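Protein sequences appear in the order of chains W and C.
Residue 42 in the working numbering sits at position 41 of the first sequence, with consecutive numbering throughout.
Residue 236 in the working numbering sits at position 198 of the second sequence, with consecutive numbering throughout.
From the three backbone atoms N, C-alpha and C, an ideal C-beta is built for every residue, glycine too.
Quick caveat, the model's predicted, so the values are computed rather than measured.
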Amino acid sequence: MSTNMIEVRNLTKTFGDVHAVNDISFDVARGEIFAFLGPNGAGKTTTIKMLTTLLRPTQGTLTLDGLDPAKHQNEVRQRFGIVFQDPSLDSELTAWENLQLHAVLYHVPRAARQPRAEALLKLFELWERRHDPVKQFSGGMKRRLEIARGFLHTPKILFLDEPTLGLDPQSRNQLWTHVKHLNQTEGVTVFLTTHYMDEADRAAQRVGIIDHGRIVAQGTTQELKEQTKTDSLEAAYLALTGSSIRDEKAGAGEHLRQFAQMWRR
Amino acid sequence: MSAVYILWLRELKRYTRSRAQMIGSLGQPTLYLIALGFGLGPTFQQAGNGSYLQFLAPGVVSMTILFASIFSGVGLLFDRQFGFLKETLVAPVPRIQIMVGRTLGGATVATLQGTLMLILSTIAGFRPHSLAALPVAFLIMMLIAVVFCALGTAIGSRLQDMQGFQLIMNLLVMPIFFMSGALFPLGHLPTALAVVTRLDPLSYGVDGLRGALIAGSHFGVATDIAVLATMAMVFLALGAYSFSRIEI
């Protein structure tokens, strides 16, 4: 068995003539918390989609627990859990029903379904509202429900794609405490993306920085700070990716966003 | 199999919670039944074909099922748009089970809608020739629902946005309805139209339903059921393949 949970080699994904992900390679070790950082449209979500069987790569190889997501879809899907960047709840169903549906789809043992859902709803302070349809929830509540749902089963790898977007500090704190707890007690490998550098600095053991579809740096947060001669991850990140705002010059990012809007509309 | 069940249940819950959709989608078939049934009734009668309302009711029931089924396939587009589709696509369940659960859920909803339409027809004056024929009628209604839910899934898997849906309605669903013999008898048609009606899967649904409910089948109920079952298999395979290829 390989020591790495995720191995990515020369991975490329193109949409038309846009290179969303361009020849990237990296590894994530077993039991590691890995932060994948980069500006908007850098290729983070596209990479996660390829790792989670939602997109097929144009070129290159990737393995997850030694399996190719393009060839062994079901086996790979059994190994990971994911909190998506954008909503993925059924808003016509109640919070409770959303969790039960997830529990069935993810093979949570029958006896564990109720107590686990209850504990998570209480942890993220949604218990009182469990029988309300999700469409009546505020943005922050929906986000908390998505996260609670992501923890309902215990996968080998947990993907968190900008999980704290739109969360208040309390929920953010709950989230990272819970993630670290899972990582330490169950050895869950965590692959996360975020725009909050302090979160990445606190939670992650190793960091990869992607910009314009290419990996520009990877290593421990300490290594990145030393490499750029800066004293915080945020300063190191800005030193590596520049301080310009992406939308002005990044054609790939804009293209991708339009692509994203096409199916999100 | 629990995945199939839970997704089937989801479709049912969504249906029972949106009364507006339930009632709204019965409006059009009811209008057809009333306006055409009573409007063309006297002419139909004079031509020696009996009661047009009796003839038309199985047609509008089929129409209700057709529209409800295609609409359930379009539910895929909504789920794509609102993100829920992703949640099911990454679940550790073979996609065929996801697809079958959704499709059977949609088919159940469509059959329920068809049943409601059948009840409405009896209020308008429709009378099945015998109650013993109802089980066969239900079988045919379910088959129609499965055929077009699977087709809806196949189409929904390939569409990226709602604009495409309008196209499908105008270029596929309306022709399927109008060419099915829901509104006119299949005998004595011009050759071209006779060929088209024979190629339309809904023709066999309407005809089978007519055979069961008013004992007036053109192809024969056994043939109708055989064709519908075959089409259900073909479209389920097509829908399952298209669904398994979805990328987000």
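Going along chain W in order, which residues have a C-beta closer than 8 Å to the C-beta of F203 of chain C? Correct list: empty, because the minimum Cβ distance to chain W is about 12 Å.
Suppose contacts are defined by Cβ-Cβ distances below 9 Å. Is F27 of chain W in contact with L193 of chain W by that definition? Taking 9 Å as the Cβ cut-off, F27 of chain W and L193 of chain W do not qualify as a contacting pair.
Looking at I214 of chain C and F93 of chain C, is the spacing between their C-beta atoms short of 9 Å? Against a cut-off of 9 Å, the Cβ pair of I214 of chain C and F93 of chain C comes out as no contact.
Quick one: grab the DSSP three-state call for K14 of chain W. Looking at K14 of chain W - three-state DSSP - the assignment turns out to be strand.
Terminal residues of the continuous alpha helix (DSSP H) containing G88 of chain C? Per DSSP, G88 of chain C lies in no alpha helix (DSSP H) and is assigned neither H nor E.
Would you be able to state if there are at least three C-beta pairs under 8 Å between the region 183-201 of chain C and the region 73-83 of chain C? The region 73-83 of chain C is not in contact with the region 183-201 of chain C.
Please check if any C-beta of chain C sits within less than 9 Å of the C-beta of F85 of chain W. Taking 9 Å as the CB threshold, F85 of chain W lines the interface with chain C.
Among C:I161, C:R140, C:A170, which residue has its Cα nearest to the Cα of A183 of chain C? Of the listed residues, the one whose Cα sits closest to A183 of chain C is C:R140.
Between the region 97-108 of chain W and the region 52-63 of chain C, do at least 3 Cβ pairs fall closer than 8 Å? At 8 Å Cβ cutoff, the stretches do not touch.
If you reduce the DSSP assignment to three classes, tell me which class M217 of chain C lands in. Here M217 of chain C sits in coil by DSSP.
Do we get a CB-CB distance below 9 Å when we pair Y43 of chain C with the residues of chain W? It does: the Cβ of Y43 of chain C has a partner Cβ on chain W nearer than 9 Å.
Does the region 56-75 of chain W come into contact with the region 233-247 of chain W, if we say contact requires no fewer than three beta-carbon pairs (one atom in each stretch) closer than 8 Å? Touching, no, given that fewer than three Cβ pairs across the two stretches are closer than 8 Å.
Ordered along the chain, which non-local residues of its own chain (more than five positions away) have a Cβ less than 7 Å from that of G97 of chain C? Answer for G97 of chain C: A220, L221, V244, listed in chain order.
Would you mind giving the Cβ-Cβ distance between D91 of chain W and F116 of chain C, rounded to the nearest angstrom? I have them listed as a contact below 8 Å. For a cut-off of 8 Å, the C-beta gap from D91 of chain W to F116 of chain C is around 10 Å, too long to register as a contact.
Assigned exposure category for V233 of chain C - 16 Cβ within 10 Å defines buried: Here V233 of chain C is exposed. Its C-beta has fewer than 16 other C-beta atoms within 10 Å.
Please classify E249 of chain W as buried or exposed, where buried requires at least 16 other C-beta atoms within 10 Å of its C-beta. Note that E249 of chain W scores 41 on pLDDT, short of 50, meaning its location in the model is unreliable and no value can be drawn from it.
Same chain, Cβ closer than 6 Å to I7 of chain W, neighbours up to 5 away in sequence not counted: Hits under 6 Å: V29, L65.
State the CB to CB distance for the pair L153 of chain W and L121 of chain W, rounded to an integer number of angstroms; the pair is presumed to be in contact (CB under 8 Å). A Cβ-Cβ distance of about 6 Å is found for the pair L153 of chain W and L121 of chain W, placing them in contact under the 8 Å criterion.
When you measure from the CB of G44 of chain W to every non-hydrogen atom of the ligand COA, does any distance come out below 8 Å? Because no ligand of any kind appears in the structure shown, any question about the ligand COA cannot be addressed here.
Against chain C, does R57 of chain W count as a neighbour if the rule is that its beta carbon must be under 9 Å from one of theirs? Cβ-Cβ to chain C under 9 Å: yes for R57 of chain W.
Starting from Q135 of chain C, trace the alpha helix (DSSP H) in both directions and tell me its first and last residue. Note, Q135 of chain C: alpha helix (DSSP H), 133-162.
Between C:P67, C:A85, C:G143, C:R57, which has its C-alpha nearest R48 of chain C's C-alpha? Of the listed residues, the one whose Cα sits closest to R48 of chain C is C:G143.
Length of the line joining the Cα atoms of T149 of chain C and S168 of chain C: Rounded to whole angstroms, T149 of chain C to S168 of chain C spans 20 Å at the Cα level.
Beta-carbon proximity of I83 of chain W to F160 of chain W, cut-off 9 Å: Yes, these two residues count as a Cβ contact at 9 Å.
Show which residues of chain W have a CB atom less than 7 Å away from the CB atom of A129 of chain C. Here the neighbours are R78, L106, Y107.
Please identify the residue among C:G111, C:D238, C:R236 whose C-alpha is closest to the C-alpha of A145 of chain C. Checked all of C:G111, C:D238, C:R236; the closest Cα to A145 of chain C is C:G111.
Are the region 136-144 of chain W and the region 162-178 of chain W in contact at 8 Å, needing three or more beta carbon pairs? Taking a contact to require three or more Cβ pairs closer than 8 Å, the region 136-144 of chain W and the region 162-178 of chain W qualify as touching.
Within 10 Å of its beta-carbon, does L56 of chain W have 16 or more other beta-carbons around it, so buried, or fewer, so exposed? When all chains shown are included, L56 of chain W counts as buried.
Within chain W, the residues that I286 of chain C reaches when beta carbons sit closer than 9 Å: Listed along chain W are K50, L55, L56, W264, each with a C-beta nearer than 9 Å to that of I286 of chain C.
Are the CB atoms of F85 of chain W and K157 of chain W within a distance shorter than 9 Å? At a Cβ-Cβ threshold of 9 Å, K157 of chain W and F85 of chain W do not count as neighbours.
Excluding sequence positions up to five away, which residues of its chain have a Cβ less than 7 Å from the Cβ of G252 of chain W? Only weak support is given to the placement of G252 of chain W: the predicted model assigns it a pLDDT of 45, under 50, and the value that follows is read from those uncertain coordinates. Around G252 of chain W: no qualifying Cβ.
Under a Cβ-count criterion, where at least 16 other Cβ atoms within 10 Å of its own Cβ denotes burial, should E129 of chain W be classed as buried or exposed? Exposed.
Under the DSSP definition of a beta bridge, which residues are partnered with D117 of chain C? Assignment of beta-bridge partners to D117 of chain C by DSSP yields no partner.
Report yes if the CB atom of L266 of chain C is closer than 9 Å to the CB atom of P239 of chain C, and no otherwise. The Cβ atoms of L266 of chain C and P239 of chain C lie closer than 9 Å to each other.
Is R114 of chain W helix, strand or coil when you go by DSSP? Here R114 of chain W sits in helix by DSSP.
Cβ pair L274 of chain C, V138 of chain C closer than 9 Å: Yes; because the gap between Cβ atoms is below 9 Å, this pair is in contact.
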